[in-house]
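What follows is a set of notes on a single structure, which appears directly below.
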Amino acid sequence: MKQSYRLDQNVVQREQPDMPFAVMYDIIVVGLGTAGALAAISAAQRGHKVLGLERLNCMGGTGTAGTVQGYYFGSKGGAYETLDEEVAALGQKGYTRTGGVNGELKKYVLERHAVEAGVTIRYESTVVGVFLEGNKVTGVRWFGANGMEEAGASVVIDCTGDAEVSTMAGAAFRFGRASDGKGQPFSNVIKRTTDTGVHQFYIDSGYVDPTDGESVSAAIIDSALRSTHLKERYEAGDRLIYVAPLLGIREGRFIDGEYNARLADFFADGMTAEPVFYAYSNLDNHSKDVALESETYQDWIVAASLWGINFSVPIPLGAMIPKGFEGLLVAGRCIALDHDMATCVRMKRDMQKCGEAAGIAASLSIERGVPLRNVPYPELASLLRATGCLDERNDVGIRAPVGVVPSGDTSHHWLTDSELIRIGLESDKPGIAIWSAKRLGDRIHADLTRWLNDPGHDHLRRNSAIALALLGDRAALPLLRQMARERDSYVPQTSRKYNQVRGYAAIYLLGKLADTDIVPELIALMRDRASFTNVSTDAEFINSDEEYYFQYFTFSLAALFRIGDRHEDRRKMIAEAVSDIAGHEDFSLSITLKPSKDQQYAMTDTIRRYAASKLQQWGMTSYLKRSPSQEMSGS
């Protein structure tokens, strides 16, 4: 038997004599937060001996200690709804009125159900290692009030949020976006009293690496001391109660699973036919440096401006099994997603259902005597349907708001009629038509080419150019260049908010098509900071001249690097310009983070590190030394 743990960010494994555990459980759930609470309760309610280990002093995680008490989308159905109904009923018995699901009452309801089901709860207990027999996880070691303890289990469910148990076992994982490894911004939540009761509000407070202790500590301190949390004066109708003791972290590690749910596969209609639940949301990425996201994400969000379009995602059990391991399940935001897909598959409703599915799957594995990957899907699906956790009515595909699709159809069907696509491309809500054209490919290509050259319909021409660019057609280049030169300020209205300006959408597509002719103009644009005046109509995403320039600058920078990736002869010009601009001692960039319009967050170091990384990939580190700033090289 091996003991496996992490030391200084490295996995250490050492052999030890095979000895029986002093205490055995059927299932150990590590982390009793959003997913873990439901996992422990669901498994124990099937009669299994369950140990729940939690480093905090309550159950519920983000929805209780994190004070995130409302729901932002997610699909309905499952055990969590019954629990929420109990919380609401208790709230009618004289408790202080509060918005959303009362977090303090939910702690009580979760604990009561766990205790009644027979879960052994150990609070203030941190798992520090796991035990392995070959590739099978057989138990865990944790530190708590009794010192160091150990226990064995048939199945361990990792609900730590950051795949801590899986990482200790040596499972592979990924982190953040490809361009710079960053996840989404985190939030702080404040509880306050107003004239109508107790309420919560959040503010995004920066970026944090939840796997790094220094980063977490700095984030807690910095965000808690912001003026949005500590005002100079509070009025009688708006009083601070407390800042949530748990950060609202949206993204950390993702396991490499037996099945990996990737956004590109979803767009290619390549998802599983054996879901254990359906997630439901839009791609709710809270980052404003969208230019550093993947091309898959930018095709959807920037070129088609589809941020506010919701869709359902089927998640199978395989996305909850670390690849190559037995006896180990993962539930919560660290399941096998990519960074893009995680912006949709992380909502509280869905993560509670993820935990419920894990608890029932682990139970069924034990009851049938089969490995987790061999749990019979028909039986598992039947059990999940019985609780509402799996409900095919939640498979709604793409949900477009009324008025976005020309026919008024809000179903999951994409447009296939060329006349409806033409109407959509002419409208102020062209996104669905653009994406429908992208899906049709060669079948709509001739029409797009004809519309591109229609001098009487400007929106039709420009949106046809965007659609053609998404199909890789360089015939779109002349009009895209014109849109970039004009800094086309048009903002489509496809999405309920966060629509993207057509001028920098064109720049993104020029980079995607690797247009060498635009290189000098993009460099000139990046130098022309003083000429940028904010004309965006989406004030929640861009609310100042500085943010308007930030978008054009970052999209130009990313486009230059995409061009240089494919045209080596342009790299010297790009490297010299980027080093000179971003390396200048007076260079600075900042943005506001949602939903604040006055809290500035410095992005200078982020952009410098991104630029330095790209130049290093090209083997052009000599250009970094020309920079007067050490930060340009990431030091």
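For what it's worth, the working numbering labels the leading residue of the sequence shown as 20, then goes sequentially.
Where a beta carbon is used, it is the ideal one built from N, C-alpha and C, also for glycine.
Since the structure is predicted, the reported quantities are computational estimates derived from the model, not experimental observations.
Check	Outcome
Under the three-state DSSP convention, the category G637 falls into	This sequence places Trp at residue 637; Gly is not what is there. Correct three-state label for W637: coil.
Inter-residue spacing [alpha-carbon to alpha-carbon] between D37 and A133	32 Å
Limits of the beta strand (DSSP E) - the one that L325 falls within	Note, L325: premise wrong, no beta strand (DSSP E); not H, not E.
Unbroken alpha helix (DSSP H) run spanning Y396, endpoints	Y396 to T406
Whole-number beta carbon distance between G378 and L57, since they are thought to touch under 8 Å	7 Å
Collapsed DSSP secondary structure at V597 in the structure displayed	helix
Short Cβ contact (8 Å threshold) for V208 with G85	yes
Length of the line joining the Cα atoms of P395 and T53	26 Å
N- and C-terminal bounds of the beta strand (DSSP E) containing Q32	N29 to E34
8 Å Cβ cutoff met for A152 and M78	Per the sequence presented here, residue 152 reads as Glu, with Ala not at that position. Not in contact: E152 and M78 (Cβ atoms no closer than 8 Å).
C-alpha gap between R481 and R493, whole angstroms	14 Å
Pair within 8 Å by beta-carbon distance, L18 and W470	Because the chain here runs from 20 to 654, residue 18 falls outside it and cannot be looked at.
Distance CB(G351)-CB(R392) smaller than 8 Å	no
Pairwise C-alpha distance: S300 and K372	14 Å
Residue closest to G522, alpha-carbon to alpha-carbon, out of G96, A484, D599 and Y571	Y571
Residue nearest to C353 in terms of C-alpha spacing, selected from R193, Y509, G416 and R418	R193
Selected residue, minimal CA-CA separation from S313, among D199, A263, V332 and E270	D199
Distance, E386 Cα to L311 Cα	47 Å
Contact check, S94 vs R368, beta carbons under 8 Å	yes
Minimum C-alpha distance to T623 - residue among K616, S641, E604 and T640	E604
Nonlocal neighbours in the same chain, by C-beta distance under 6 Å from D357, ignoring five residues either side	R281
Cβ-based neighbour list, P39, same chain, cut-off 8 Å, excluding 5 preceding and 5 following	G171
As assigned by DSSP and simplified to three states, the class of D177	strand
R509, DSSP secondary structure in three states	Reading the sequence as shown, one finds Tyr at residue 509 and not Arg. Y509: coil per DSSP, three-state reduction.
Status (buried if at least 16 other CB within 10 Å, exposed otherwise) for K633	buried
Range of the contiguous beta strand (DSSP E) that encloses A298	P294 to S300
C-alpha distance - K250 paired with L265, whole-angstrom precision	20 Å
Residue closest to E100, alpha-carbon to alpha-carbon, out of V120, R116, G110 and D275	V120
Extent of the continuous alpha helix (DSSP H) to which R469 belongs	D461 to L471
Chain-order list of residues whose beta-carbon lies under 6 Å from that of D414 (same chain, five-residue window excluded)	Y297 and S331
Neighbourhood of R252 by C-beta distance below 7 Å, restricted to the same chain and skipping five residues each side	none
M577 versus R269, V149, N76 and A197, residue with shortest Cα-Cα distance	Inspection of the sequence shows that residue 577 is occupied by Ala rather than by Met. Selected option, being the one with the closest Cα: A197.
Pair within 8 Å by beta-carbon distance, D557 and K613	no
According to DSSP, residues forming a beta bridge with L26	N29
C-alpha gap between A631 and T145, whole angstroms	38 Å
Reduced DSSP category for Q219 - H, G, I as helix; E, B as strand; rest coil	strand
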